[in-house]
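Here is the structure we will look at.
Numbering (my numbering), first residue to last: 6 to 369.
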């Protein structure tokens with residue numbers, strides 16, 4: 006995961022977790038990644054992955070389009086020179102404000118998968134996803150979605166799951182159907198790690214609302230699925246993959262952290278997007294081999310950290326599978342350290358059986 010424009014962004018989303026992360030660092034933003042830094046990173050990556058068959062470069066921010074289209078053309082061209090027989094995939098997460106035909110042509114020609122952020126309808130979206138002038142961006146983002154479709158670019162929708170949105174899953178499903186969305190991921194709105202700015206704004210997701218949202222969304226999803234209309238809701242896909250196939254397709258769903266290898270614009274590397282702070286810095290990929298990043302003591306310590314769990318966690322019959330889940334999501338999806346209600350458990354107790362039954366009936 007590469008942040009070519011660091012924490013720079015042309016929106017001022019009221020719940021942005023990365024603004025909270027970046028302001029905690031000694032250097033909040035590293036600006037635009039230089040071509041020289043990008044080339045060194047690419048060199049050090051491909052030196053370390055000989056024998057592998059595939060690699061994915063994901064671009065996030067901040068807002069990655071701020072690096073400019075020429076920056077990405079250079080990156081892709083240099084990867085093409087260095088990749089040899091390795092298959093390369095690209096993903097790109099954007100707010101959509103700067104997308105135009107030139108961007109879409111580039112995405113299509115290089116098979117980029119785009120994650121476009123739209124928050125489940127105009128009222129929800131414009132409440133939090135605002136530009137620097139405090140104006141809502143819903144119409145602009147919808148036009149970007151239509152442009153991606155018209156240009157034949159593969160995309161999915163990313164929707165931040167705030168409390169108010171979680172209370173109205175039927176309206177969210179109407180938005181999905183009305184906009185003919187085929188792939189959507191709901192991202193729980195997190196409490197900040199450092200800043201007090203967003204703690205009292207009411208957006209931070211509560212575990213029971215997490216459970217209620219997906220519990221009420223599931224029958225709507227099943228109804229469409231049984232009619233032959235499959236809509237990929239990533240959380241449902243992840244549950245089926247893990248509980249039916251024992252394949253974890255979501256980081257943290259099994260309670261284990263992985264090294265996401267998050268690369269900031271100066272080449273600094275962190276183990277996770279949620280922990281891209283100075284204390285977790287693993288090294289600099291413009292100066293080190295990828296192998297050395299992965300064996301860094303700080304990475305081992307990050308993986309081995311033991312977050313505090315609720316007593317209810319260890320007594321839960323789902324604990325051997327989830328082991329408390331993603332440590333950054335514990336207070337919004339699970340029971341956290343002191344909570345008595347686990348949203349993940351509540352959802353599984355009510356919905357795992359019908360979800361498994363439907364998946365086996367439809368997909369087998």
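Backbone N, C-alpha and C fix where the C-beta goes; we use that ideal spot for every residue, glycine too.
Anticipated Cβ contact below 8 Å, residue 271 with residue 30, distance rounded: Incorrect: roughly 11 Å between the Cβ atoms, too far for contact.
Closest to residue 231 by C-alpha separation, out of 256, 290, 360, would be which residue? Minimum Cα distance to residue 231 is reached at 360.
Among the candidates 153, 234, 193, whose CA atom is the shortest distance from the CA of residue 116? The shortest Cα separation from residue 116 among 153, 234, 193 belongs to 153.
Give the secondary structure of residue 321 by DSSP, where H, G and I count as helix, E and B as strand, and everything else as coil. Of the three classes helix, strand and coil, the one that applies to residue 321 here is coil, per DSSP.
Return the CA-CA distance between residue 22 and residue 11, expressed in angstroms with no decimal places. In this structure, the CA atom of residue 22 is about 14 Å from the CA atom of residue 11.
Please classify residue 217: does DSSP put it in a helix, a strand, or coil? In this structure, residue 217 counts as helix in the three-state DSSP scheme.
Which value, in whole angstroms, describes the spacing of the CA atoms of residue 41 and residue 73? Their backbone Cα atoms lie some 16 Å apart in a straight line.
Could you compute how far the alpha carbon of residue 205 sits from the alpha carbon of residue 27? A caution first: residue 205 carries a pLDDT of 49, below 50, which makes its placement in the model too unreliable to give a value.
I'd like to confirm the pairing. Which residues does DSSP put opposite residue 121 in its beta bridges? Here residue 121 is bridged, per DSSP, to 99, 162.
Beta bridge counterpart(s) of residue 94 as assigned by DSSP: The partner list for residue 94 (beta bridge, DSSP) reads 61.
Status (buried if at least 16 other CB within 10 Å, exposed otherwise) for residue 70: Residue 70 is buried by the Cβ-count criterion.
DSSP on residue 339, reduced to helix/strand/coil? DSSP places residue 339 in coil when its eight states are reduced to three.
Rank 288, 245, 351, 298 by C-alpha distance to the C-alpha of residue 366 and give the top, closest one. Minimum Cα distance to residue 366 is reached at 245.
Is residue 156 closer than 7 Å to residue 104 when the C-beta atoms are compared? No.
Report the rounded CA-to-CA distance for residue 158 versus residue 118, giving the unit in angstroms. In a straight line, the C-alpha of residue 158 is about 7 Å away from that of residue 118.
Work out the CA separation of residue 214 and residue 128 for me, nearest whole Å. Straight through space, the alpha carbons of residue 214 and residue 128 are spaced by roughly 19 Å.
Quick one: Cα of residue 325 to Cα of residue 160, how far? Whole-angstrom Cα-Cα distance: 34 Å.
What's the C-alpha gap between residue 166 and residue 43? Going by the C-alpha atoms only, they are around 33 Å apart.
Reduced DSSP category for residue 47 - H, G, I as helix; E, B as strand; rest coil: Under the three-state reduction of DSSP output, residue 47 falls in the helix class.
Pick out the complete alpha helix (DSSP H) segments inside the segment 255-334, 4 residues or longer, and give them in chain order. Look at the segment 255-334 and you find these whole runs of alpha helix (DSSP H), each 4 residues long or longer: 295-299, 302-309, 316-320, 324-327.
Taking the alpha carbon of residue 125 as the reference point, which residue from 269, 238, 336, 94 has its own alpha carbon closest? In terms of Cα proximity to residue 125, the closest of 269, 238, 336, 94 is 238.
Rounded to the nearest angstrom, how far is the Cβ of residue 91 from that of residue 295, given a contact under 8 Å? With a contact defined as Cβ atoms closer than 8 Å, residue 91 and residue 295 miss out at about 13 Å.
Do you know whose CA, among 174, 286, 229, lies nearest residue 32's CA? The residue with the shortest Cα to Cα distance from residue 32 is 286.
List the whole-angstrom C-beta distance separating residue 340 from residue 347, where the pair is believed to meet the contact cut-off of C-beta under 8 Å. So it is a contact: roughly 4 Å between Cβ atoms.
Please report the distance separating the alpha-carbon of residue 229 from that of residue 355. Cα to Cα, the separation comes out at about 20 Å.
Does DSSP put residue 346 in a helix, a strand or coil? Residue 346 falls in the coil class under three-state DSSP.
Kindly indicate which three-state DSSP category residue 180 falls into: helix, strand or coil? Of the three classes helix, strand and coil, the one that applies to residue 180 here is helix, per DSSP.
Excluding the five sequence neighbours on either side, which residues of its own chain have a C-beta within less than 6 Å of the C-beta of residue 50, listed in chain order? The residues 295, in chain order, have a CB closer than 6 Å to that of residue 50 in the same chain once the five nearest residues on each side in sequence are set aside.
Could you check the C-alpha separation between residue 207 and residue 39 for me, to the nearest Å? Straight across, the Cα-Cα distance linking residue 207 with residue 39 is about 39 Å.
The alpha helix (DSSP H) spanning residue 387 covers which residue range? Nothing in the structure corresponds to residue 387, since the chain is present only between 6 and 369.
Would you say residue 344 and residue 260 are within 7 Å of each other, going by their C-beta atoms? Cβ distance not < 7 Å, so residue 344 and residue 260 don't count as in contact.
Just curious, the beta strand (DSSP E) that residue 188 is in, first and last residue? Counted as a single uninterrupted DSSP element, the beta strand (DSSP E) harbouring residue 188 occupies residues 188-193.
With C-beta atoms as the reference, is residue 323 less than 7 Å away from residue 216? With a cutoff of 7 Å on beta-carbon distance, residue 323 and residue 216 are scored as not near each other.
Determine whether the beta carbon atoms of residue 220 and residue 163 lie at a separation below 7 Å. Not in contact: residue 220 and residue 163 (Cβ atoms no closer than 7 Å).
Does the separation of the CB atoms of residue 67 and residue 98 fall below 7 Å? No, the pair does not count as a contact, with Cβ atoms beyond the cut-off.
Alpha carbon of residue 174 to alpha carbon of residue 218, nearest angstrom: Put simply, the backbone Cα of residue 174 is about 6 Å away from that of residue 218.
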